[in-house]
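Undergrad:
Number of protein chains: 2
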Amino acid sequence: MSIQQLNELYMNIYHQLRFTYQDKLTHQAVRILQTIRMEEKVHVSRIAAALGVSHNTASEHVKRLIQKGYILKQRDAADERKVYLQLTERGTTTVKQHTELDEGKLAVVMQSLSLEDQETIQAGFRLLEKQARKCFSS
Amino acid sequence: MSIQQLNELYMNIYHQLRFTYQDKLTHQAVRILQTIRMEEKVHVSRIAAALGVSHNTASEHVKRLIQKGYILKQRDAADERKVYLQLTERGTTTVKQHTELDEGKLAVVMQSLSLEDQETIQAGFRLLEKQARKCFSS
DNA sequence: CAATTATATCGCAATATACGATATAATTAA
DNA sequence: TTAATTATATCGTATATTGCGATATAATTG
Chain A
1 MSIQQLNELY MNIYHQLRFT YQDKLTHQAV RILQTIRMEE KVHVSRIAAA
51 LGVSHNTASE HVKRLIQKGY ILKQRDAADE RKVYLQLTER GTTTVKQHTE
101 LDEGKLAVVM QSLSLEDQET IQAGFRLLEK QARKCFSS
Chain B
1 MSIQQLNELY MNIYHQLRFT YQDKLTHQAV RILQTIRMEE KVHVSRIAAA
51 LGVSHNTASE HVKRLIQKGY ILKQRDAADE RKVYLQLTER GTTTVKQHTE
101 LDEGKLAVVM QSLSLEDQET IQAGFRLLEK QARKCFSS
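Protein chains in written order, with the UniProt record's numbering: chain A, 1 to 138; chain B, 1 to 138.
See the structure below:
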């Protein structure tokens with residue numbers, strides 16, 4: 001099996017199992033929530049870098065997400081000029097819908113497979129994730 | 001292993017192996033290219049439905065993507081009022097970057113694993129993709 | 001103490017997005 | 001054959017999103 005074929009399988013899995021109903025969240029809002037979810041101690045400057053925008057733009061985006069209840073600000077004890085951002089419950093729920101598989105669908109699929117097949121899938125995912133982190137984690 | 005844990009593995013795989021450099025494509029443009037890539041014979045009306053916008057808005061979006069060289073229009077022989085959309089080479093390359101894993105990264109990871117582990121990963125992906133299609137393909 | 005850093009706010013401008021109205025052409029129904 | 005419906009395209013208009021320079025405040029560093 002080629003790398004392309006494996007990639008296509010990955011893509012098809014997402015296509016079949018993704019959430020189909022999603023809140024109307026702006027493009028940059030999704031990207032910000034994703035960054036906060038995937039990383040630790042995300043400061044406003046990190047958001048600016050991740051989006052490729054100026055710090056003032058990042059600050060504005062962050063302000064709006066706070067107003068809408070998706071994130072909270074915490075002052076960083078190590079440097080009180082800095083704030084880091086945390087997802088609220090609402091933010092977490094929303095970013096999951098834009099990022100992850102629909103767990104209801106995933107459950108349906110897994111429950112319709114034999115235990116042996118389930119274990120193969122789990123093992124495959126575990127192996128790939130672990131090695132990917134080993135090769136590319138920053 | 002729970003469904004949530006499996007989902008998190010899936011998400012982490014994407015996070016580690018995604019493309020990091022991407023063209024500046026608008027949000028709706030990405031969604032349109034993705035729809036065209038994943039489905040067959042995509043008409044303008046399908047784009048309107050997929051985006052949740054009116055047909056005139058969809059037509060405008062499509063026009064812009066054609067002008068930028070990402071897609072082409074083909075008149076549908078079965079009903080000449082209809083046109084269906086196809087990705088150009090440029091469109092395909094671009095939508096892959098917004099959707100798929102970076103194949104260079106995926107290759108690095110796979111090549112650093114044993115043949116046995118590679119086969120487990122491939123088997124897992126194949127099983128999940130096949131069952132997902134079986135359960136949810138429209 | 002002065003300079004630098006991190007974030008926040010404000011005013012302004014460009015781009016993205018959406019829709020109603022209208023038009024043209026193809027298809028279907030009467 | 002004609003009228004009605006369907007699929008898409010175009011135009012004018014309006015709102016939302018996005019981005020930045022200038023400025024300000026406060027914390028940290030030299």
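Ideal Cβ positions, reconstructed from N, Cα and C, are used throughout, including at glycine.
Whole angstroms is fine: what's the gap from Glu129(B)'s alpha carbon to Ile121(B)'s?
TA: 12 Å
Undergrad: Taking Cβ positions, are Tyr84(B) and Val42(B) nearer each other than 8 Å?
TA: yes
Undergrad: DSSP state of Val44(B), grouped into three classes?
TA: helix
Undergrad: Using a C-beta to C-beta distance shorter than 9 Å, which residues of chain A count as neighbours of Ala107(B)?
TA: Ile3
Undergrad: Closer than 7 Å between beta carbons: that is the criterion. Which residues of the region 115-138 of chain A meet it against chain B?
TA: Residues Asp117, Thr120, Ile121, Gln122, Ala123, Gly124, Phe125, Arg126, Leu127, Leu128, Glu129, Gln131, Ala132, Arg133, Cys135, Phe136 and Ser137.
Undergrad: Spatial neighbours of Met110(B) within its chain, please: C-beta separation below 8 Å, excluding the five flanking residues on both sides.
TA: Gln118 and Ile121
Undergrad: Output yes or no for whether 8 Å exceeds the beta carbon distance between Leu72(B) and Thr93(B).
TA: no
Undergrad: Taking the alpha-carbon positions, what's the Asn56(A) to Lys63(A) distance?
TA: The straight-line gap separating the alpha-carbon atoms of Asn56(A) and Lys63(A) is approximately 11 Å.
Undergrad: Going by beta carbon distance, what residues of the same chain come within less than 6 Å of Leu113(B), once the five residues before and after it are set aside?
TA: none
Undergrad: Any beta carbon of chain A sitting closer than 8 Å to that of Gln97(B)?
TA: no
Undergrad: Just the chain A side, please: which residues come within less than 9 Å of His61(B) by C-beta, in chain order?
TA: Result: empty, since nearest Cβ-Cβ is about 14 Å, beyond 9 Å.
Undergrad: Between Ser54(A) and chain B, is the shortest Cβ-Cβ distance under 8 Å, so that the two count as touching?
TA: no
Undergrad: I'd like the span of the beta strand (DSSP E) that includes Leu9(B), first residue to last.
TA: Unbroken run through Leu9(B) is the alpha helix (DSSP H), Ile3 to Leu17; no beta strand (DSSP E).
Undergrad: Using the beta-carbon count (16 or more within 10 Å), is Tyr10(A) buried or exposed?
TA: buried
Undergrad: Counting only C-beta atoms, is Ile13(B) closer than 8 Å to chain A at any point?
TA: yes
Undergrad: In whole angstroms, what separates the C-alpha of Tyr14(B) from that of Ile47(A)?
TA: One alpha carbon belongs to Tyr14(B), the other to Ile47(A), and they sit about 19 Å apart.
Undergrad: Taking only three categories from DSSP, how would you classify Lys73(A)?
TA: strand
Undergrad: Taking a cut of 7 Å between CB atoms, which residues from the region 16-33 of chain A lie near chain B?
TA: Gln16, Leu17 and His27
Undergrad: Taking Cβ positions only, does Glu103(B) come closer than 8 Å to chain A?
TA: yes
Undergrad: From the beta carbon of Glu40(A), is the nearest beta carbon of chain B less than 8 Å away?
TA: no
Undergrad: Taking the continuous beta strand (DSSP E) assigned at Leu87(A), which residues delimit it?
TA: Val83 to Leu87
Undergrad: Quick one: does Leu51(B) have its CB under 8 Å from some CB of chain A?
TA: no
Undergrad: Tell me whether the beta-carbon of Phe19(B) lies closer than 8 Å to the beta-carbon of Gln86(B).
TA: no
Undergrad: Between Glu80(A) and chain B, is any beta-carbon pair separated by less than 8 Å?
TA: no
Undergrad: Does any residue of chain B bring its CB to less than 8 Å from the CB of residue 160(A)?
TA: Nothing can be reported for residue 160(A): it is not among the residues displayed for chain A, which extend from 1 to 138.
Undergrad: How would you call Glu60(A), buried or exposed, if buried means at least 16 neighbouring beta carbons within 10 angstroms?
TA: Exposed, because fewer than 16 other Cβ atoms sit within 10 Å of the Cβ of Glu60(A).
Undergrad: Taking Cβ positions, are Ala132(A) and Gln16(B) nearer each other than 8 Å?
TA: yes
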